[in-house]
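Notes to accompany the following structure.
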Amino acid sequence: MSTGGASLVRRALEAVRRTPRWQKRLVVLTVGAGTLSYACQDNRVLQISDGTGGKKKVVILGTGWAGASFLRNIDTSLYDVHVVSPRNYFMFTPLLPSVTCGTVEARSIVEPIRNIVRKRGGAFRFWEAECYKIDPKSKKIHCKSGDGTNADANGEFVVDYDYLVVTVGAKPNTFNTPGVAENCHFLKEVEDAQKIRKSVMKCFERAALPNLTDEERKKNVHFVVIGGGPTGVEFAAELHDFVNEDLAKLYPDVKKYVNISVIEAGEHILTMFDKRITNFAEDKFKRTGIDLKTNFKVVKVSDKTITMSNPLTGEIAVPYGLAVWSTGIGTRPIIMDFMKQVGQANRRVLATDEWLRVLGCDNVYALGDCATISQRKVMEDVDSIFRVADKDNSGTLSVKNIKNVLGDIYQRYPQVELYLKTNQMKGFHDLLKDKETEELNIEEFKKALAQVDSQVKMLPATAQVAAQEGAYLADCFNRMNTCEENPEGPLRIRGAGRHRFKPFRYRHLGQFAPLGGEQTAAQLPGDWVHVGHSTQWLWYSVYASKQFSWRTRMLVVTDWGRRFLFGRDSSSL
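As structure tokens, then:
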């Protein structure tokens, strides 16, 4: 070794001896951690199973209304909370139609998931990945990230859980109509709304090009909405306002060629609303020039035409420039695979009990659009209920006793109280009216309850239902230990004791349908129906107050103010 090299080694050894002990340990720890990390990456699938202080691990799949509401309300100091979702934000879906036309900007209606739990204590982890398989037997989920995280760069990893909360939502339902997936836009995600906004502007720019025939211009600015539900109707109304209030000034030569069509397979649009709202919406669309085609079923979509059929006219094909498909929701592949594992292969969505537990497996809960509550029929257990009430086997009960029985039935079967309060069983009210001192035949009472069973319906797949389910389940998790010792639910029909929690009860708070021209239809509890400009301001107030943070609340209100002052932006960004 040369003299210079030996001198360099001596200086290095002397530097190491002078280095404090804690720094040496830090170097060893860093190198060791790096080696361990490399060894983990060399595995084909990364296994993530660490916990925090012996806490139960709660894994949430999805960051939609149900998942975000659950995450917002759960006490993260009690559980080790993990979230897996392909998007790292919550999206305020009711304002998606406004994003398509620039009334509201896309970033104004999204809230990063980490912001929701940033100021709260407890363990929380988020992975931007998609779960493609649920294994309830081993209590693991299999996930895949878009970015490679291991040696094979396939981004796969496995997460175990103690409790799994499935809130993956649903996908658009094409009903296997040929050409829909390839040629139509959907309105389910923020990216969908942004694509529609760009496409609308491209349609106008194409129609403004020289050397086009009138037919070509009409085709380019013929906007077709398939589906007459709230989303489709609101988008058509937003687009009509965008065209008449903003684009007509910028494209005066193109305005006369614009046509907006709404195609609905049923006889009416907005069938989930009161008939007064449905009739008003149809009349308003006709007055404002929106072409409403009811009783038309779309059978095929090509890149140039939409083919629809009607019993009277047969099949007709119409050219179009942009088509938006909004006809309902379908089941995601992960849910279809999971349903096969738990014995629900013939269902459209996951079935849960009244406590949101997936039927057929333990410690798995499902909320939102991917699941529905399997409401038990009252008549299945009615004999055991009356056997307790009719102790002397007389076959009759006093009305006072029946009201006590009803209180217990309300807890077990929320749908009974729902139908009674909405006056859908007037005969049942008549049955109990003015009979405070008389006795009532049990068989008559059973017939009235059977009427409830015949009218049981699934809860609607709306943001309102999903948000309430998420808040309910989080409250159950927060009080799990307390309710284990002091159950608060109804008496168990099959088994001793009470259920730990009261079953989930949906409270319908009303619904809105913006119809354009600063007019909105509102249907609120108590049969309160109103349409007009004043209801539009109520819509502004409610949707601003329902934002997940003050940041998004201010952004949305600012966007509305900007639109009033300067109009909507027409750039193709």
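Going by the numbering used here, the first residue of the sequence shown is number 429, and it counts up by one from there.
Yeah, the Cβ is synthetic: ideal placement off N, Cα and C, and Gly gets one too.
Using only alpha-carbon positions, find the residue among the options that is nearest to residue i.
i: residue 759; options: 898, 629, 775 and 529; result: 775
i: residue 970; options: 954, 948 and 898; result: 948
i: residue 650; options: 545, 747 and 934; result: 747
i: residue 663; options: 514, 644, 521 and 684; result: 521
i: residue 784; options: 594, 907 and 606; result: 594
i: residue 897; options: 644, 917 and 781; result: 781
i: residue 619; options: 763, 586 and 515; result: 515
i: residue 414; options: 508, 977, 799 and 624; result: Outside the displayed span of the chain (429 to 1001) sits residue 414, for which this structure offers no information.
i: residue 670; options: 943, 980, 984 and 973; result: 943
i: residue 961; options: 945, 953 and 973; result: 945
Check whether the Cβ atoms of residue i and residue j lie closer than 8 Å to each other.
i: residue 487; j: residue 569; result: yes
i: residue 691; j: residue 710; result: no
i: residue 708; j: residue 959; result: yes
i: residue 701; j: residue 941; result: yes
i: residue 694; j: residue 722; result: yes
i: residue 556; j: residue 497; result: no
i: residue 778; j: residue 786; result: yes
i: residue 518; j: residue 533; result: no
i: residue 605; j: residue 683; result: no
i: residue 667; j: residue 559; result: no
i: residue 976; j: residue 562; result: no
i: residue 598; j: residue 757; result: yes
i: residue 801; j: residue 713; result: no
i: residue 493; j: residue 889; result: no
i: residue 541; j: residue 527; result: no
So what's residue i in DSSP terms, helix, strand or just coil?
i: residue 564; result: coil
i: residue 510; result: strand
i: residue 651; result: strand
i: residue 500; result: helix
i: residue 742; result: strand
i: residue 785; result: strand
i: residue 571; result: strand
i: residue 1005; result: Residue 1005 lies beyond the residue range present for the chain, which begins at 429 and ends at 1001; the question has no answer from this structure.
i: residue 559; result: strand
i: residue 888; result: coil
i: residue 677; result: helix
i: residue 968; result: helix
i: residue 642; result: helix
i: residue 773; result: coil
i: residue 490; result: coil
i: residue 693; result: coil
i: residue 875; result: helix
i: residue 719; result: strand
i: residue 371; result: With the chain running from 429 to 1001 in the structure shown, residue 371 is simply not present.
Excluding the five sequence neighbours on either side, which residues of its own chain have a C-beta within less than 7 Å of the C-beta of residue i, listed in chain order?
i: residue 992; result: none
i: residue 574; result: 583
i: residue 627; result: 613 and 750
i: residue 911; result: 928 and 929
i: residue 524; result: 615 and 621
i: residue 773; result: 767
i: residue 951; result: 701, 702, 705, 938, 939 and 957
i: residue 899; result: 497 and 501
i: residue 738; result: 723 and 724
i: residue 771; result: 788
i: residue 998; result: 629, 674, 675 and 678
Please work out which residues of its chain come closer than 6 Å, Cβ to Cβ, to residue i, disregarding the five sequence neighbours upstream and downstream, and give them in chain order.
i: residue 731; result: 611
i: residue 660; result: 653 and 754
i: residue 791; result: 591
i: residue 373; result: Residue 373 lies beyond the range of the chain shown here (429 to 1001); nothing can be said about it.
i: residue 631; result: 648, 649, 749 and 750
i: residue 905; result: 502
i: residue 686; result: 649 and 671
Opposite residue i in the DSSP bridges: which residues?
i: residue 553; result: 510
i: residue 956; result: 952
i: residue 926; result: 919
i: residue 687; result: 650
i: residue 997; result: Looking at the DSSP assignment, residue 997 forms no beta bridge with any residue, so it has no partner.
i: residue 736; result: 726 and 744
i: residue 538; result: 519
i: residue 758; result: 599
i: residue 978; result: None; residue 978 has no bridge partner.
i: residue 947; result: 944
i: residue 485; result: 508
i: residue 593; result: 488 and 793
i: residue 778; result: 799
Going by beta carbon distance, what residues of the same chain come within less than 8 Å of residue i, once the five residues before and after it are set aside?
i: residue 609; result: 602
i: residue 673; result: 995 and 996
i: residue 920; result: 926 and 927
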